[in-house]
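Top line first, the protein sequences correspond to chains A and B. Anchor point for the first sequence: position 135 equals 135 in the working numbering, and the numbering is continuous, going up by one each time. Each position in the second sequence, counted from 1, maps to that position plus 1000 in the working numbering. Even glycine gets a Cβ: it sits at the ideal position worked out from N, Cα and C. Because the structure is a prediction, the values reported are computed rather than measured.
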Amino acid sequence: MPDPVLSLTDARLTLAGNAGPVDILRGISLAVNRGETVGLVGPSGSGKSSLLMLMGGLERATGGQVLALGQDLTAMDEDGLARFRRQNMGVVFQSFHLIPTMTALENVAIPLELAGVPDAFDRAQAELQAVGLGHRTDHYPSQLSGGEQQRVALARAAAPRPALFLADEPTGNLDGVNGQAIMDLLFSLRDRHGATLILVTHAPELAERCDRVIRLADGKLA
Amino acid sequence: MSLAYRIARRELRGGIRGFRVFLACLALGVAAIAGVGTLRAGIQSGLADQGAIILGGDAEMRFTYRAADATELAHIAAISTTHSEVYDFRSMAVIDGDETLTQVKAVDAAWPLTGAAVLEPAIPVAQALAETGGLPGAIMDPVLIERLGLTVGDSFRLGTQDFRLTAALIREPDSASAGFTLGPRSVVRTSALANSGLLAPGALFETRYRMTLPAGADLAALETEAETKFRDKGMRWTDSRNAAPGIERFVGQIGSFLVLVGLAGLAVGGVGISAAIRSYLDGKTATIATLKTLGASGGLIFRTYLVQTAILAALGIAIGVALGAAIPLLAAPLIESSLPFPADIRLSPMALIEAAFYGALSALIFTLIPLARTETIRPAALYRGGTGTRGWPRKRWLAALAALATLLIVTATLASGIPELALGTAGGILAALAVLALSATALRALARRLARHTRGRPALRAAIAAIGGPQSDAIPVILSLGLGLSVLAAVGQIDWNLRRAIATDLPTRAPAFFFVDIQPDQIGPFLDRMTADPAVTETETAPMLRGVITRINGRPAREVAGDHWVVRGDRGITYAATPGEKTRITEGQFWPEDYSGDAQISFAAEEGAELGLKLGDRITTNILGRDITATITSFREVDFSNAGIGFVMTLNPSALAGAPHTHIATVYAPPEAEAAILKDVTKTWPNITAIRIREAVDRVAEALSAIATATAWAAAGTLLTGFIVLIGAAAAGERARIYEAAILKTLGATRARILASFALRAALLGAAAGLVAVVAGGIAGWAVLTFVMEGDYVFEPLSALGIVLGGILATLLAGLAFAGRSLAVPPAQVLRAQE
Chain A
1 MPDPVLSLTD ARLTLAGNAG PVDILRGISL AVNRGETVGL VGPSGSGKSS LLMLMGGLER
61 ATGGQVLALG QDLTAMDEDG LARFRRQNMG VVFQSFHLIP TMTALENVAI PLELAGVPDA
121 FDRAQAELQA VGLGHRTDHY PSQLSGGEQQ RVALARAAAP RPALFLADEP TGNLDGVNGQ
181 AIMDLLFSLR DRHGATLILV THAPELAERC DRVIRLADGK LA
Chain B
1001 MSLAYRIARR ELRGGIRGFR VFLACLALGV AAIAGVGTLR AGIQSGLADQ GAIILGGDAE
1061 MRFTYRAADA TELAHIAAIS TTHSEVYDFR SMAVIDGDET LTQVKAVDAA WPLTGAAVLE
1121 PAIPVAQALA ETGGLPGAIM DPVLIERLGL TVGDSFRLGT QDFRLTAALI REPDSASAGF
1181 TLGPRSVVRT SALANSGLLA PGALFETRYR MTLPAGADLA ALETEAETKF RDKGMRWTDS
1241 RNAAPGIERF VGQIGSFLVL VGLAGLAVGG VGISAAIRSY LDGKTATIAT LKTLGASGGL
1301 IFRTYLVQTA ILAALGIAIG VALGAAIPLL AAPLIESSLP FPADIRLSPM ALIEAAFYGA
1361 LSALIFTLIP LARTETIRPA ALYRGGTGTR GWPRKRWLAA LAALATLLIV TATLASGIPE
1421 LALGTAGGIL AALAVLALSA TALRALARRL ARHTRGRPAL RAAIAAIGGP QSDAIPVILS
1481 LGLGLSVLAA VGQIDWNLRR AIATDLPTRA PAFFFVDIQP DQIGPFLDRM TADPAVTETE
1541 TAPMLRGVIT RINGRPAREV AGDHWVVRGD RGITYAATPG EKTRITEGQF WPEDYSGDAQ
1601 ISFAAEEGAE LGLKLGDRIT TNILGRDITA TITSFREVDF SNAGIGFVMT LNPSALAGAP
1661 HTHIATVYAP PEAEAAILKD VTKTWPNITA IRIREAVDRV AEALSAIATA TAWAAAGTLL
1721 TGFIVLIGAA AAGERARIYE AAILKTLGAT RARILASFAL RAALLGAAAG LVAVVAGGIA
1781 GWAVLTFVME GDYVFEPLSA LGIVLGGILA TLLAGLAFAG RSLAVPPAQV LRAQE
């Protein structure tokens, strides 16, 4: 029996552009089951990242419905979405997006602290250990290499044990070796926590590692 | 047209959006200096143009405790076309049931020789001072009229003479030349005082002979002639070239001080100027790297951005000069009418040039290092990303910076005319900025240590992390706010401690009254009266004469002692057979009780040391026109701090035998007994003048409070510049905040939590700036009170709390002004833009 953890019904996204409104997503309907790994692929500008943002509640659909873990994301306000992500989602970006004023350990601890986890720092320490950065906990992002920063970002996403992992081209800014290591880490974290993983990628070999590949073209499912 | 200029012009096509803080900081600092300079020039020009009116004549000869003798009067008549004689002294204005101190001006029919007195009702002076209803007429300062509850037509008494009040003295033309007075003015005819019992021999009064001179009279020559003939007889000369030297000196000093505070404002603004240029050049790294890739030299790059900075600085300076000139000009009618002396506020090119010069120099000083760093940006920055304007520039630029800073300090020192004050202020500003920068660095270190103790409180921890981590605002915030807040804190501490000293210390340490003009035959009954009064705890009396020290060891005193206060004017002199119980002789020996040989002096030890005097030195003093030369045979300690009786010079009694003199007395009594003593003394001995120490101290406190207010306003100006710098820093940090908010939202932070974190960060920085300012201001206050005022210092918490709260409010306002957008922008929009 399929157990959809995420379902989109005629989801649309229109953004204001210089030359008028631009339709980014044009009626996307799909469902992702619990524990599934899904690769979102397609040419640049096809709407992959926007679809991921919609799934994470980082972008609000301008039409249709987005349900995550049974909750209607389109009906939540911004703070409601933040609370929902805090408990259920881990997001990894191509550009890492660590907070530059915080150390690696503090970056990993912050979602746990936001969720009110009492042993946030012990858990953050363990997560950093798990990604091989136990010795760099007091370093600021600017003192870490790109690969190390992405490992911190992975640890941060994994720390709250989210049901949903969303990753937007997590290896896009890394060289081949580092990229491979990060992907191994991402899949092993997913396997360890049994989460659902949705991955935006340009790399065919990465897409092949997913249970299912969804192709987008011009804002629609291809 | 040079290539650097052409490139600079193309670069500036984008407009000046990123330079608002740069322009505001520079314009504000320049405007403050130009405004103060314009005001100072206006007052100085007013004093110069209307010198004759302020003085009450083209020239004046002044004598202490005597009228001019026949020779002097003949000289006055010979050199002048007309002249007027004015007596000036303190007395008690008495009505039934009340009495108060007044500064009496007794005039002849020629007064006022120049200018016009404004009376209410508007009647001529001659009519106002004429006999009315059997009593001579008198005019009074409205403050005095109100204090005594009089109305025109009422009578009052000076000494034993009754007068009828005929008008209020709204404007006294020659008031500015009188200097500091304790009582409001009364004006009467000298002839009406004949039966008053005032102006008796030995009484304390001054006479002023104002003269109008023939057209084209050579004032310098006339001064030299009068000085040569009469200086040794105690004559002092003033003329319209410098009619109110006290005011002119005061205005000059306050003006110079405020210009220096304006420079402090520029220094604070410099933080914003520097930050704006750095941020602009950071954004230009790619352009610079590209230009270098295409073959541009480091020198060309430096010149290109120097030209841009110069164009912007010229714009900022022009705005500042325009504001600094326009505001005083627009407010001129208001300012001129509210000043007690003439001012003629108009465009003063020199003041504007001075302000523009300081502005240009400051702009160069604060932009030189970021500009010099552009030389070291490498083309590789294009590929590696990041900003290239960090690190130390070449040594020659550091040397140039030191040279420019020295030029600024030297110019400010020379232009101020008071090098000690200028150097002291410049040193103080530099030291304060260094202390503030060190404190900010220490705060960052502290924040990093504290971060681990704030776990579990994410809003607080994010705030602490932002203060201690990279891209911290701690240094710009504490530098920009700290200086203004430190000055305000110091003013608050000093002001409160002075008030406390006046309110609590004074009654226990100082006498309630100074009584002057006690005639020799009155001193016995006066002492009996005080001794019999149970409320009086102590009475001290001493005979007093006034004299001018004219020579030291045969040489003119001014040559030996310069401008020391002891030789500047006339001094109180006393005589005594014994040193007195409280006197401590520090050197030499006091004369025997029955000594009647050559004149001897016991000199105040501290002042003697300052004048370089030693035992055996001979001092010539002119007392009532007669020279007395005496030998210093001892030095003694004199405490001038408790308002008791203290004389710089005590002579042996026989040295002053026969010289007309009066006695002074200090009476110690609790405040509740003061009124009864005053009433009784003025009733029994109408010629005796009582000076209530409390009122005298209040007048001094008022004057100090005015200076404190001026300083506080100046500090507020610095604070305003600091606030603009804060706004600039907040604006510059807006992108970083938006980014941070987007990440935090992605990780599950609500907007309230993010806002709380931003607010906490601002409040913590503001509180830190306030605390540093309280410590710095407290130390400055302690130093001023302990070493300059020789008083006690007690920390005052209330104004300190105000300073900390002010710091918090300023940073909160500036920080939260830009928080709205960071909360409103959807995270996807921000994060996508960063990908």
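Check, Outcome
"Using 10 angstroms around the beta-carbon of asparagine 1553 of chain B, count the other beta-carbons present and answer buried if the total reaches 16, otherwise exposed.", "exposed"
"Judging by CA-CA distance, which residue of A:Gly147, A:Glu36, A:Arg85, A:Asp218 is the nearest neighbour of alanine 115 of chain A?", "A:Arg85"
"Which runs of the alpha helix (DSSP H) fall wholly inside the segment 1071-1154 of chain B and span at least 4 residues, in chain order?", "1125-1129, 1142-1148"
"If we define contact as Cβ-Cβ less than 8 Å, is isoleucine 1738 of chain B a contact residue for chain A?", "no"
"I'd like to confirm the pairing. Which residues does DSSP put opposite isoleucine 1619 of chain B in its beta bridges?", "B:Ile1552, B:Ala1630"
"Can you tell me where the alpha helix (DSSP H) holding phenylalanine 1022 of chain B begins and where it ends?", "1020-1049"
"Interface residues of chain B around glycine 114 of chain A at Cβ under 9 Å?", "First, the amino acid is wrong: residue 114 of chain A is leucine here, not glycine. Per Cβ cutoff of 9 Å: Pro1458, Leu1744, Leu1747, Gly1748, Ala1749, Thr1750, Arg1753."
"Which residues share a DSSP beta bridge with glutamate 1587 of chain B?", "B:Phe1635"
"Using the beta-carbon of each residue, which ones in chain B are nearer than 9 Å to threonine 171 of chain A?", "The contacting residues do not exist; threonine 171 of chain A stays about 13 Å from chain B at best."
"How many Å lie between proline 141 of chain A and threonine 1454 of chain B at the Cα?", "20 Å"
"Since alanine 1466 of chain B meets chain D, which of its residues come closer than 7 Å, beta carbon to beta carbon?", "Checking the listed chains, one finds no chain D in this structure; the protein chains it contains are A and B."
"By the DSSP assignment, the beta strand (DSSP E) with isoleucine 1573 of chain B in it spans what residues?", "1571-1575"
"For the alpha helix (DSSP H) that contains proline 4 of chain A, what are its first and last residues?", "Unbroken run through proline 4 of chain A is the beta strand (DSSP E), 4-17; no alpha helix (DSSP H)."
"Do you know how far the Cα of leucine 1823 of chain B is from the Cα of threonine 9 of chain A?", "29 Å"
"8 Å is my cut-off, CB to CB: does valine 66 of chain A come that close to chain B?", "no"
"Which class does threonine 229 of chain A belong to by DSSP, given the choice of helix, strand or coil?", "A query on residue 229 of chain A cannot be resolved here, the shown segment of chain A reaching from 1 to 222 and no further."
"Indicate whether at least one CB of chain B lies closer than 8 Å to the CB of proline 204 of chain A.", "no"
"Within 10 angstroms of its Cβ, does glutamine 1471 of chain B collect 16 or more other Cβ (buried), or is it exposed?", "exposed"
"Determine the DSSP secondary structure at histidine 202 of chain A, reduced to helix, strand or coil.", "coil"
"Kindly indicate which three-state DSSP category arginine 1017 of chain B falls into: helix, strand or coil?", "helix"
"Quick check on aspartate 1232 of chain B: does DSSP put it in helix, strand or coil?", "helix"
"DSSP beta-bridge partners for threonine 1287 of chain B?", "In DSSP, threonine 1287 of chain B forms no bridge with anything."
"I need the straight-line Cα distance from glutamine 149 of chain A to isoleucine 1738 of chain B, nearest angstrom please.", "20 Å"
"What number of angstroms, rounded off, separates the C-alpha of isoleucine 1076 of chain B from the C-alpha of alanine 1780 of chain B?", "51 Å"
"Buried or exposed: where does tryptophan 1591 of chain B fall if 16 or more other Cβ atoms within 10 Å of its Cβ makes it buried?", "buried"
"Give me the DSSP bridge partner(s) of methionine 1211 of chain B.", "B:Ala1059, B:His1083"
"What residue from B:Gly1728, B:Ala1310, B:Gly1468, B:Phe1022 has the CA that sits closest to alanine 1451 of chain B's CA?", "B:Gly1468"
"Compute the Euclidean distance between the alpha carbons of lysine 1683 of chain B and glutamate 1540 of chain B, then round it to the nearest angstrom.", "21 Å"
"Give the range of the beta strand (DSSP E) segment to which leucine 25 of chain A is assigned.", "20-33"
"For chain B, check one thing: does any of its Cβ atoms lie closer than 8 Å to the Cβ of phenylalanine 187 of chain A?", "no"
"Using DSSP with H/G/I as helix, E/B as strand and the rest coil, what is threonine 1537 of chain B?", "coil"
"Judging by CA-CA distance, which residue of B:Ala1762, B:Ser1602, B:Gln1519, B:Ala1810 is the nearest neighbour of glycine 1199 of chain B?", "The amino acid at residue 1199 of chain B is misidentified as glycine; the sequence shows leucine. Considering only alpha carbons, the answer is B:Gln1519."
"Could you have a look at glutamate 106 of chain A and say whether DSSP puts it in helix, strand or coil?", "helix"
"Going by C-alpha distance, which of B:Ile1311, B:Met1789, B:Leu1334, B:Ala1343 is nearest alanine 1363 of chain B?", "B:Ile1311"
"So serine 1084 of chain B and alanine 1110 of chain B are supposed to be a Cβ contact under 8 Å. How far apart are they, rounded?", "4 Å"
"State the start and end residues of the unbroken beta strand (DSSP E) segment that holds arginine 1373 of chain B.", "It is not in any beta strand (DSSP E) - arginine 1373 of chain B instead sits in the alpha helix (DSSP H) that spans 1349-1373."
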